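These protein sequence lines map, in sequence, to chains A and B.
So for the first sequence, our numbering puts the first residue at 742; every next one is plus one.
So for the second sequence, our numbering puts the first residue at 26; every next one is plus one.
All C-beta atoms, glycine included, are put in the ideal place defined by N, C-alpha and C.
Remember, predicted model here, so these are calculated numbers, not experimental data.
Here the structure is laid out as structure tokens; the discussion comes afterwards.
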Amino acid sequence: DVKVTQSSRYLVKRTGEKVFLECVQDMDHENMFWYRQDPGLGLRLIYFSYDVKMKEKGDIPEGYSVSREKKERFSLILESASTNQTSMYLCASRIQGSYEQYFGPGTRLTVT
Amino acid sequence: QKEVEQNSGPLSVPEGAIASLNCTYSDRVSQSFFWYRQYSGKSPELIMSIYSNGDKEDGRFTAQLNKASQYVSLLIRDSQPSDSATYLCAVNMDNNDMRFGAGTRLTVKP
Numbered sequence: 742d743v744k745v746t747q748s749s750r751y752l753v754k755r756t757g758e759k760v761f762l763e764c765v766q767d768m769d770h771e772n773m774f775w776y777r778q779d780p781g782l783g784l785r786l787i788y789f790s791y792d793v794k795m796k797e798k799g800d801i802p803e804g805y806s807v808s809r810e811k812k813e814r815f816s817l818i819l820e821s822a823s824t825n826q827t828s829m830y831l832c833a834s835r836i837q838g839s840y841e842q843y844f845g846p847g848t849r850l851t852v853t
Numbered sequence: 026q027k028e029v030e031q032n033s034g035p036l037s038v039p040e041g042a043i044a045s046l047n048c049t050y051s052d053r054v055s056q057s058f059f060w061y062r063q064y065s066g067k068s069p070e071l072i073m074s075i076y077s078n079g080d081k082e083d084g085r086f087t088a089q090l091n092k093a094s095q096y097v098s099l100l101i102r103d104s105q106p107s108d109s110a111t112y113l114c115a116v117n118m119d120n121n122d123m124r125f126g127a128g129t130r131l132t133v134k135p
């Protein structure tokens with residue numbers, strides 16, 4: 742079974758803090774994704790990575806950056822957290838050439 | 026126009042009934058379609074994928090695809106209270122981006 746884990750289920754941070762969200766997958770998947778999910782808006786893609794050291798902007802990259810130094814780990818960084826970044830953050834991975842994505846449990850981030 | 030549209034619901038059906046969930050998409054050349062189930066407070070879980078026109082059955086679930094009309098649906102037969110969740114439609118676009126609908130919330134009443 743594919744296993745995607747995220748570092749925290751719940752996180753509370755203050756405005757202006759730098760926030761790190763970690764995602765690890767154990768199935769040697771090349772592709773990894775970061776989404777945020779908000780009521781009524783569905784899943785929106787923030788960044789994705791096709792392989793180590795590679796990154797591509799998604800639909801809403803502003804205020805975020807990512808890092809992929811190892812194949813199994815994809816980190817999302819909020820450079821200076823703001824209240825409008827309060828959301829559920831979901832990491833996903835998939836094998837190269839497949840369209841089926843597998844999601845981690847999510848991190849519910851609250852920025853106060 | 027949103028790329029993937031779903032009725033947000035809530036859709037309420039009695040236990041044992043057939044639940045029908047619909048999704049339309051805008052990209053005519055999309056080839057891959059998926060249904061995810063998401064329980065409250067949990068992450069999406071892939072339950073069905075469909076790539077060809079017609080029906081695909083997996084247990085109580087049937088996915089239906091009509092590329093000419095640009096819609097994909099999910100039927101759940103003999104609905105159970107445990108099927109109560111939000112169902113997300115996902116479409117792989119021509120540029121290989123995956124686009125998700127906002128989801129339809131289904132409630133199955135005992």
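Practice task
At 7 Å on the CB atoms, spell out the chain A contacts of B:Phe125, in chain order.
Solution key: Gly783 and Leu784
Exercise for the section: Please report the residue range of the beta strand (DSSP E) in which A:Leu850 lies. Expected result: Thr848 to Val852
Problem - Neighbouring residues, chain A, relative to B:Leu71 (Cβ below 9 Å) - result: Correct list: Glu841, Gln842, Tyr843 and Phe844.
Problem - A:Ala833 to B:Ile72 span [Cα, whole Å] - result: 15 Å
Handout entry: Three-way DSSP call (helix, strand, coil) for A:Gln826 in this model
Key = helix
Exercise for the section: Sort out for me which residues DSSP pairs B:Asn91 with in a bridge. Expected result: Beta-bridge partners assigned by DSSP to B:Asn91: B:Tyr96.
Practice task
Report the three-state DSSP secondary structure of A:Asp779 (helix, strand or coil).
Solution key: Strand.
Practice task
Measure the C-alpha to C-alpha separation of A:Thr827 and A:Phe844 and round it to an integer number of angstroms.
Solution key: Their Cα atoms are separated by approximately 19 Å.
Practice task
Measure the CB-CB distance between A:Met773 and A:Phe761 and report whether it falls below 8 Å.
Solution key: no
Practice task
Using the Cα positions of B:Ile101 and A:Tyr805, report the straight-line distance between them to the nearest angstrom.
Solution key: Straight-line Cα distance between these residues: approximately 38 Å.
Handout entry: Neighbouring residues, chain B, relative to A:Leu752 (Cβ below 9 Å)
Key = In chain order: nothing, as chain B lies at least about 15 Å away.
Exercise for the section: Answer yes if the segment 125-132 of chain B comes into contact with the segment 782-797 of chain A, meaning at least three C-beta pairs across the two stretches below 8 Å, and no otherwise. Expected result: yes
Problem - the segment 70-90 of chain B: positions lying closer than 8 Å to chain A by Cβ - result: Glu70, Leu71 and Ser74
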